[in-house]
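Protein sequence lines, in the order shown, are assigned to chains A and B. For the first sequence, the numbering used here assigns the number 202 to the initial residue and increments by one for each residue that follows. For the second sequence, the numbering used here assigns the number -3 to the initial residue and increments by one for each residue that follows. C-beta atoms are modelled at their ideal positions from N, C-alpha and C, and glycine is treated no differently. Encoded as structure tokens, the structure appears first; notes follow it.
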Amino acid sequence: MESLAAGLPVLERPSSVTVADPDRELTERFRDGDRAAFDVLVRRHQKGLWRLVRRYVKSDADAADVTQLAFVRALRGLAAFRGTATVRSWLYRIAINCALSWLRDHRREQPAELDEEALIGDNPAPAELSAGDDRHRLRGAIALLPPKQKLVLELRVFDDLSFREVAELADCSENTAKVNFHYAVKRLRDILGADHEP
Amino acid sequence: MSRDRGDTPDPEPDAELLAAYVDGVAELSPEERHRIEARLARDPGARAEAAAVRGLLDQLRSLPPEGNEPDWAAMASALRDAAAAGSPRPWWRRWQWLVPTSTFATAALVLIATWSRPEAVTAPRPSVDRGHDPRPSDDVMTLWLGGTEVEVSASGALGVLGEVEPASPEADAEPDEVALLPSTDLAWVDTLDDAALDRAERWLAGSR
């Protein structure tokens, strides 16, 4: 890629539009009765699904249960999967729905969200921040984002999805996903303050 | 474009794509990419912002995943069992039931056809020439008399009814194997006159 005038490193991502879905063949094999194909699908995506679910469900064991539930629902729906989205974004959509459903059923058991004052007020100087504090502040700042910005940012940064897949999951256009990503980053910087500028 | 919760729009439209440009330049259109690169080339503030975005994204990506990961092998095994119990069958297996069903149905049809036409598969039985005798091979026959179905011995009935002519030659062509007159053989009853029926009624009244 041609470097910028500023010499900024820029991530090269394969365009999601031109890359074929590597999971499509597995879904077709499964529909033809190949049970091992679903096993491959599980092994390929269980870690990503669990991490996604774990961001919603604040318990390892519950997150594992919700992840399994998501896979079971995917198993039931795989025969009807039409392929309008990638298999991965379809699986992630199911997992998000399962996680939100679980949260609705266990609302009172969830820990309280951090408030913004705790994050931006009385912050220690950067040198005093331990790595643990830093991570804690970053996570707390993400939790303060508006829901859609938070979803877009997390899917992009933590799940490594293309903007097209992010858009499918956030139920918006690809361009809107990019704009939401921009404002999520901008707001994070505002919440974390100048202390956090690299 | 949705900014969610009313973020103030950036004065430059392409500024809203800066983070996407920094994070995945290949996912922008060539036009968007060229506009942002032109802005970065002329605006030191934009370059500083791009660098800050890059730094923050690096920090976010360096965050370890939350929680302790579960036993992936156990999860995969449990899901493998679920798949084994509920995986769809190939389309042709949905019609597998047709094979035994059609075989059974065919066999049943052959058997029914065979039983309904025993002469087609059994040797012809020797015919018994009884002249005009309407009696079957055994001595029991069924009569419909006075609204009641009664079985009487043929000899007894004939003793009451006297000489009767069979309604048709076919009536005694084939002996009935169930010891009752077949319904087609009862036509001769219609040929009885009133006197014969009266004698039969009296005989029945006496025999009950």
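Asked                                                                                                                                             : Found
Counted within 10 angstroms of its Cβ, other Cβ atoms place residue 381 of chain A as buried (16 or more) or exposed                              : buried
Whole runs of the alpha helix (DSSP H) within the stretch 214 to 252 of chain A, excluding any shorter than 4 residues                            : 225 to 232
CB contact below 8 Å: residue 282 of chain A versus chain B                                                                                       : no
Contacts around residue 218 of chain A, its chain only, beta-carbon distance under 6 Å, and the 5 residues preceding and following it disregarded : In this prediction, residue 218 of chain A has a pLDDT of 42, which is less than 50 and means its spatial position is unreliable; what the coordinates show is noted afterwards. Contacts found: none.
Distance between residue 10 of chain B and residue 385 of chain A (C-alpha atoms, nearest Å)                                                      : 16 Å
Identity of the residue in A:237, A:274 and A:340 nearest residue 257 of chain A by Cα                                                            : A:340
Residue-level contact to chain B via CB, residue 216 of chain A, 8 Å cutoff                                                                       : Because residue 216 of chain A carries a pLDDT of 42, less than 50, the predicted location of this residue cannot be relied on, and the following value inherits that uncertainty. Residue 216 of chain A counts as touching chain B.
As assigned by DSSP and simplified to three states, the class of residue 259 of chain A                                                           : coil
Given 8 Å, three or more beta-carbon pairs between the stretch 268 to 278 of chain A and the stretch 290 to 297 of chain A                        : yes
7 Å Cβ shell around residue 350 of chain A - same chain, five flanking residues per side excluded                                                 : 381, 384, 385 and 388
Minimum Cβ-Cβ distance from residue 62 of chain B to chain A less than 8 Å                                                                        : yes
Residues of the stretch 50 to 74 of chain B whose Cβ lies closer than 8 Å to any Cβ of chain A, in chain order                                    : 50, 51, 52, 53, 54, 55, 56, 57, 59, 60, 61, 62, 63, 64, 65, 66, 68, 71, 72 and 74
Residue 185 of chain A, buried or exposed, once every other Cβ within 10 Å from all chains shown has been counted against 16                      : Residue coverage of chain A in this structure runs from 202 to 399, which leaves residue 185 of chain A outside it and unanswerable.
Stretch-stretch touch, CB-based, cutoff 8 Å, three pairs: the stretch 233 to 252 of chain A with the stretch 61 to 70 of chain B                  : yes
Residue 198 of chain B classed as buried or exposed, judged by whether at least 16 other C-beta atoms fall within 10 angstroms                    : exposed
Start-to-end residues for the alpha helix (DSSP H) that takes in residue 306 of chain A                                                           : 288 to 306
Coil, strand or helix - residue 388 of chain A by DSSP                                                                                            : helix
Beta carbon proximity, residue 19 of chain B to chain A, threshold 8 Å                                                                            : yes
Residue 188 of chain B versus residue 194 of chain B: straight-line alpha-carbon distance, rounded                                                : 10 Å
Cβ pair residue 19 of chain B, residue 390 of chain A closer than 8 Å                                                                             : no
Alpha-carbon to alpha-carbon, residue 42 of chain B and residue 34 of chain B                                                                     : 10 Å
Beta carbon of residue 225 of chain A nearer than 8 Å to that of residue 288 of chain A                                                           : yes
Option in B:49, B:15 and B:68 with minimal Cα separation from residue 241 of chain A                                                              : B:68
Residue 57 of chain B - DSSP class collapsed to helix/strand/coil                                                                                 : helix
Minimum Cβ-Cβ distance from residue 31 of chain B to chain A less than 8 Å                                                                        : no
Residue 232 of chain A versus residue 95 of chain B: straight-line alpha-carbon distance, rounded                                                 : 22 Å
Among B:109, B:105, B:48 and B:78, the one whose alpha carbon lies nearest that of residue 394 of chain A                                         : B:48
Residue 99 of chain B, buried or exposed, once every other Cβ within 10 Å from all chains shown has been counted against 16                       : exposed
Residue 105 of chain B (DSSP reduced to helix, strand or coil)                                                                                    : helix
Contact with chain B by residue 339 of chain A, beta-carbon distance below 8 Å                                                                    : yes
Rounded Cβ spacing between residue 239 of chain A and residue 79 of chain B (contact assumed at less than 8 Å)                                    : 4 Å
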